[in-house]
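J.: First the structure, which I've put down as structure tokens, then a few questions once you've had a look.
In the numbering used here, the protein residues as written are 94 to 581.
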């Protein structure tokens with residue numbers, strides 16, 4: 094019983110030491126950019142005004158903000174590509190430790206950005222932060238799965254998703270105006286990610302390297318046995334060592350595979366299809382990109398401005414609850430099972446739908462996608478599989494994160510196109526066209542523009558505190574309207 098308690102304690106501490114500076118940072122850095130968004134946009138405008146004497150137009154600020162948001166997944170894509178070679182050459186634990194250098198650089202850049210009057214430093218900071226997340230998202234599940242006993246391997250690897258959700262929630266809490274989310278403190282908020290990095294640099298060196306990496310990749314049986322004894326709290330390791338030795342014999346003489354070699358192997362075709370589909374769908378569904386713009390989404394849904402920061406915390410809490418549920422469910426049923434007119438209360442129904450969506454996301458793909466390569470690939474193929482999985486995950490996050498600010502505009506333009514099409518097919522238009530009055534005022538389009546202006550809520554006006562959002566969709570639709578020069 095004493096040995097079992099020691100084993101439990103060491104395994105839990107290993108999970109925490111790896112998670113706090115690993116996937117925790119992914120969730121934390123997604124959420125902390127949301128609270129100071131309007132302040133950073135004003136900082137961009139003020140900085141440009143001081144440099145050139147000319148303020149930025151709203152669409153330029155929108156573009157700069159999109160670059161700032163998209164720098165994070167671009168850095169993540171870079172990190173996912175280098176994670177495989179790092180895991181092979183340096184080992185799992187050493188890679189996680191060195192990965193904190195990216196966060197320290199990022200925190201320095203963002204912390205001094207306002208002092209240096211450079212919004213470019215924020216963009217560069219987000220890139221390095223993304224690199225840290227890209228490496229940790231690939232290596233942490235690998236490290237934990239290879240360190241855990243076989244019966245708990247999937248559940249332990251799934252804790253990576255729990256740390257992501259925990260980072261989301263804590264980032265949202267720290268981003269409250271009462272803490273670091275105010276106008277004066279946003280550089281400290283962006284630099285606060287250095288704290289988890291320092292905690293990991295202090296704690297993780299006390300725990301062993303992945304036993305499977307030590308034996309199968311390095312061929313160091315003595316170090317593997319020592320690591321297993323520390324992790325298991327017992328000297329009876331014959332069964333586990335026998336399994337590792339069998340895998341070592343199976344891959345003897347082979348080197349770690351490159352990503353393109355996996356595509357050339359027909360035996361790995363279905364495993365590759367599985368991780369490609371899951372990694373792409375996980376981001377294209379828009380869950381993680383929503384955290385970048387959560388405040389704006391709830392503002393447009395009609396949630397009162399003073400309640401939005403607390404509602405945003407609810408989104409992260411939903412994913413935290415379901416990620417923990419996913420771990421418990423995995424322990425009982427396996428890792429793949431989780432895959433299988435204005436009304437006063439309408440804003441809150443919209444909020445409930447978002448919560449329900451995040452709950453369904455967190456209990457399935459959020460946890461399973463990260464651990465699946467560990468379960469379906471062998472030791473030599475695993476780093477390359479994580480490179481493919483991680484690259485797709487970050488590339489699709491970049492696509493969705495970049496496109497999200499323009500989705501509202503495209504929605505309005507699609508309505509405009511639909512109204513124009515319906516109008517041209519209407520009998521009244523055809524009669525005007527046949528009588529030679531084709532240049533008459535297209536009334537349905539005029540009605541559409543007026544409806545947009547009438548439906549504009551008070552919080553969407555071009556106020557300073559609203560940053561970039563204003564009424565750009567209406568203006569763009571009106572600019573494209575063929576009747577824009579007609580007398581109203």
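Ideal placement from N, C-alpha and C gives every residue a C-beta, glycine not left out.
Taking a contact to mean a Cβ-Cβ separation below 8 Å, would you say residue 282 touches residue 268 in this structure?
T.: Against the chain shown, residue 282 aligns to sequence position 189. Against the chain shown, residue 268 aligns to sequence position 175. In contact: residue 282 and residue 268 (Cβ atoms closer than 8 Å).
J.: Could you tell me whether the Cβ atoms of residue 481 and residue 359 are closer together than 8 Å?
T.: If you number the chain shown from 1, residue 481 lands on position 388. If you number the chain shown from 1, residue 359 lands on position 266. Result no, Cβ atoms of residue 481 and residue 359 do not sit closer than 8 Å.
J.: Would you list, in sequence order, the uninterrupted alpha helix (DSSP H) runs of no fewer than 4 residues that lie entirely inside the segment 251–291?
T.: 279–284
J.: Any idea what DSSP makes of residue 310, helix, strand or coil?
T.: Here residue 310 corresponds to residue number 217 of the chain shown, with the count starting at 1. Three-state result, residue 310: helix.
J.: I'd like to check one pair, residue 240 with residue 303: are the Cβ atoms closer than 8 Å?
T.: Within the chain shown, residue 303 is the residue found at index 210, counting from 1. Within the chain shown, residue 240 is the residue found at index 147, counting from 1. It is a contact, given that the beta carbons lie within the stated cut-off.
J.: Is there contact between the segment 185–201 and the segment 216–234, where contact requires at least three CB pairs shorter than 8 Å?
T.: yes
J.: Can you tell me the Cα-Cα spacing of residue 167 and residue 335, whole angstroms?
T.: In the chain shown, residue 167 corresponds to position 74, counting from 1. In the chain shown, residue 335 corresponds to position 242, counting from 1. The alpha-carbon atoms of residue 167 and residue 335 are separated by roughly 42 Å.
J.: Can you give me the C-alpha to C-alpha distance between residue 136 and residue 327, rounded to a whole angstrom?
T.: The residue you call residue 136 lines up with position 43 of the chain shown. The residue you call residue 327 lines up with position 234 of the chain shown. So the two alpha carbons sit approximately 57 Å from each other.
J.: Measure from the alpha carbon of residue 307 to the alpha carbon of each residue in 233, 184, 292, then state which is nearest.
T.: Position 214 of the chain shown, counted from the start, is the residue given in the question as residue 307. It is 184.
J.: Contact defined as beta carbons within less than 8 Å: I believe residue 405 pairs with residue 265. What is the distance between those atoms, to the nearest angstrom?
T.: Looking up residue 405 in the chain shown gives position 312. Looking up residue 265 in the chain shown gives position 172. 5 Å between Cβ atoms; contact.
J.: Taking buried to mean at least 16 other C-beta atoms within 10 Å of its own C-beta, is residue 346 buried or exposed?
T.: Along the chain shown, read from residue 1 onward, the residue named residue 346 stands at position 253. It is exposed - the Cβ of residue 346 has fewer than 16 other Cβ atoms within 10 Å.
J.: Rounded to a whole number of angstroms, what is the C-alpha to C-alpha distance between residue 409 and residue 290?
T.: One-based indexing of the chain shown puts residue 409 at position 316. One-based indexing of the chain shown puts residue 290 at position 197. If you draw a straight line from the Cα of residue 409 to the Cα of residue 290, it is about 21 Å long.
J.: If distances are taken between C-alpha atoms only, which option among 396, 111, 488 comes closest to residue 249?
T.: Numbered from its first residue, the chain shown carries residue 249 at position 156. Considering only alpha carbons, the answer is 111.
J.: Check for me: the alpha helix (DSSP H) holding residue 400 runs from which residue to which?
T.: If you number the chain shown from 1, residue 400 lands on position 307. Counting along the chain, residue 400 falls outside any alpha helix (DSSP H), and DSSP gives it neither H nor E.
J.: Less than 7 Å between C-beta atoms, sequence neighbours within five positions excluded: which residues of the same chain meet that for residue 164?
T.: By 1-based counting over the chain shown, the position of residue 164 is 71. Within the same chain, residue 164 has close Cβ partners 216, 219, 220, 223.
J.: Under 8 Å between the Cβ atoms of residue 324 and residue 104?
T.: As a working note, residue 324 is residue 231 in the chain shown. As a working note, residue 104 is residue 11 in the chain shown. Yes, Cβ-Cβ distance for residue 324 and residue 104 is below 8 Å.
J.: Which one of 262, 130, 244, 169 has the shortest CA to CA distance from residue 414?
T.: Locating residue 414 in the chain shown gives position 321, where the first residue counts as 1. Considering only alpha carbons, the answer is 262.
J.: Alpha helix (DSSP H) containing residue 358: first to last residue?
T.: Residue 358 sits at position 265 when you count from the first residue of the chain shown. Per DSSP, residue 358 belongs to no alpha helix (DSSP H) and is neither H nor E.
J.: How many Å lie between residue 278 and residue 229 at the Cα?
T.: Against the chain shown, residue 278 aligns to sequence position 185. Against the chain shown, residue 229 aligns to sequence position 136. Residue 278 and residue 229: Cα-Cα distance of roughly 27 Å.
J.: Going straight from the alpha carbon of residue 356 to that of residue 476, what length do you get?
T.: Within the chain shown, the letter at position 263 stands for residue 356. Within the chain shown, the letter at position 383 stands for residue 476. Near 14 Å, if we compare the C-alpha coordinates of residue 476 and residue 356.
J.: Out of curiosity, what's the CA-to-CA distance linking residue 101 and residue 337?
T.: Taking the first residue of the chain shown as position 1, residue 101 is located at position 8. Taking the first residue of the chain shown as position 1, residue 337 is located at position 244. Those two C-alpha atoms are separated by around 22 Å.
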